[in-house]
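Novice: Here our numbering = 1-based position in the sequence shown + 4.
Heads up, the beta-carbon is just placed ideally off N, CA and C, and yes, glycines get one too.
Please find one structure pasted underneath; my questions will follow.
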Amino acid sequence: MKVYRLALTPYCDTSGEGAKIYGGRWNLPGTPAIYAGASISASLLERLTIDPELLSSERYVRYSVMEITVPDQLVFVPKIEELPLDWNQIPAIKATMEYGSELLKSGLLCFAVPSVVDPSSLNYVINPLSENFSQIVSKIYPLELDKRILR
């Protein structure tokens, strides 16, 4: 399956260092992770929660798309009832960070969880330390946006 990560171009890598430093909804600081969305538009919506100025005509050109191919059979999709209670709370709660960190530490390559911004879409958390990480294929290209949505 193809998943998509949007990042400032210098940070389009597979290290998971940003999430390791700052943590995220599904990982504690100290645990590397790569966050991606089911589509470029889903990833754009997620990124807007972090960088609301992304749609300015000067800013979006600094971003690139990282298209990541993950083998379907290596993606774990927990049932919604298996997620921590209040998994979609804003800001993220420690229970979701601990849950995701445990999955990553178990060696899983990737797990899928509903997006908080758009629960009809899945986000993917990829483990750069997984022994299966070499099965990931990625390519990077400039973020192209329809000029009608730019400010």
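With distance defined between alpha-carbon atoms, name the residue in ILE144, ALA46, THR100 and SER125 nearest to ARG29.
Specialist: Cα-wise, what sits closest to ARG29 is THR100.
Novice: Is it right to say SER119 is buried, meaning 16 or more other beta carbons lie within 10 angstroms of its own, or is it exposed?
Specialist: With 16 or more Cβ atoms within 10 Å of its Cβ, SER119 is classed as buried.
Novice: Output needed for PRO33: all residues of its chain with C-beta closer than 6 angstroms, excluding positions within five of it in sequence on either side, in chain order.
Specialist: Contacts found: GLY27.
Novice: Exposed or buried, which one is ILE94 when buried takes at least 16 other CB atoms within 10 Å?
Specialist: ILE94 is exposed by the Cβ-count criterion.
Novice: Under 8 angstroms, with one C-beta from each stretch per pair, do the segment 59-67 and the segment 121-140 reach the 3-pair mark?
Specialist: Short answer: they don't touch.
Novice: Considering Cα atoms alone, identify which of LYS109, GLY111, PRO88 and GLN139 is closest to VAL117.
Specialist: VAL117 has its Cα closest to that of PRO88, out of LYS109, GLY111, PRO88 and GLN139.
Novice: Who does MET70 pair with in a DSSP beta bridge?
Specialist: Per DSSP, ARG9 and ILE144.
Novice: I need the boundaries of the beta strand (DSSP E) containing ILE25, first residue and last residue.
Specialist: No beta strand (DSSP E) holds ILE25; the alpha helix (DSSP H) holding it covers 21-26.
Novice: According to DSSP, is GLY34 part of a helix, a strand, or is it coil?
Specialist: Coil, per DSSP.
Novice: Are ALA46 and SER105 touching if we call contact CB-CB under 8 angstroms?
Specialist: Cβ distance not < 8 angstroms, so ALA46 and SER105 don't count as in contact.
Novice: Report the three-state DSSP secondary structure of ALA46 (helix, strand or coil).
Specialist: It is helical.
Novice: Would you call the CB atoms of ASN31 and ALA37 closer than 8 angstroms?
Specialist: In contact: ASN31 and ALA37 (Cβ atoms closer than 8 angstroms).
Novice: Alpha carbon to alpha carbon, how far is LEU12 from THR18?
Specialist: Whole-angstrom Cα-Cα distance: 13 angstroms.
Novice: Which residues in the same chain have their Cβ closer than 7 angstroms to the Cβ of LYS143, if we skip the five residues on either side of it in sequence?
Specialist: Here the set comprises GLU71.
Novice: Looking at the secondary structure, which residues open and close the beta strand (DSSP E) in which GLU103 lies?
Specialist: Note that residue 103 corresponds to Tyr in the displayed sequence, not to Glu. Segment 98-109 is the alpha helix (DSSP H) holding TYR103; no beta strand (DSSP E) there.
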